[in-house]
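Using full-length UniProt numbering, the letters of the sequence shown correspond one by one to residues 1 to 235.
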Amino acid sequence: MSPKNDVVYQVVARPSGRKGKLALLALLSVFLVFALGLIAGQWNANVVILKSIELTSINAALESEKVSLQSRLEESDLLLEVNETAIAQLRNRLDGVLLEKNDLEYALTFYKNLIEDSVGKGPVEMFEFKAFATEAEDVYEFSILLGQDVQAAKIISGEVELSIIGPSGDRDPIEFTTENSVMGFPLTYKFKYFQDLAGKIRLPVDFQPERAAIVVRSAGGRPLVERELDWRLDS
């Protein structure tokens, strides 16, 4: 009997540890990817949060600066308005002071000359007569400046008579009386140095004044000054 060929089967046992390692590596790779993504995502979130906080802080600072600037601008506008009002008031006051100064200087010069002219004069002197037109038709305003020697320095009194003379032969002079007086009658004076008498007279419609006759009388009626002056209207 011939010997039989025996079939020999060899069983090769592959170690299972390699598959485990591969699986472990695969799991580790997935974990690393997830972890890195998580870390990266967390880092990006932190950056966004920090940037948001920074921008919020900057925005708050800008808002605060805006409010401060608006407040300062409003204060500046108010201060400018107050300053403009104050400047206008000061300018008006200054203009008024300058006018008062000019008037005072004129008055001082006028009365200085008047005092110089009064030296050596009689007990009463008429220094000036002026007439002015008024808004009322045929009504005229007038002033008569009286004075005496300032060295006499005594109180004197009396009365002044005023007559308005028209063209020669036209009609009688118009005397300043209660009938035609609008203001100032009677023209009585009482002073120590100077006195300015003022009045208003209404003349007839067709009367053309040419001259003014003035008589200054003492308290006893004695004539002290008699003058005739041309009728000229001052502005």
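Just so you know, even glycine gets a beta-carbon here, dropped at the ideal spot from N, CA and C.
- Using a Cβ-Cβ distance cut-off of 8 Å, the segment 186-200 and the segment 152-162 are in contact, since at least three pairs of beta carbons, one from each stretch, lie closer than that value.
- The segment 114-124 makes no contact with the segment 86-106; the number of CB pairs closer than 8 Å stays below 3.
- The beta carbon of T134 is closer than 6 Å to those of E141 in its chain, skipping five residues each way along the sequence.
- By the neighbour-count criterion, in which 16 or more other beta carbons inside 10 Å mark a residue as buried, Q148 falls on the buried side.
- Taking 8 Å as the upper bound for CB-CB distance, L197 and I144 are in contact here, some 5 Å apart.
- For Y193, no beta strand (DSSP E) encloses it, and the DSSP letter there is neither H nor E.
- About 6 Å separates the beta carbons of I165 and E210, which is inside the 8 Å limit, making them a contact pair.
- Between D138 and R202, the C-beta spacing is below 7 Å.
- Rounded to the nearest angstrom, the gap between the Cα atoms of P123 and L224 is 8 Å.
- For G96, the number of other beta carbons within 10 angstroms of its own is below 16, and it is reported as exposed.
- Beta-bridge partners assigned by DSSP to Y140: A133 and I201.
- L146 and A212 do not touch by the CB rule: their CB atoms are close to 15 Å apart, not below 8 Å.
- Excluding residues up to 5 positions away in sequence, D138 lie with their Cβ nearer than 7 Å to the Cβ of V205 in the same chain.
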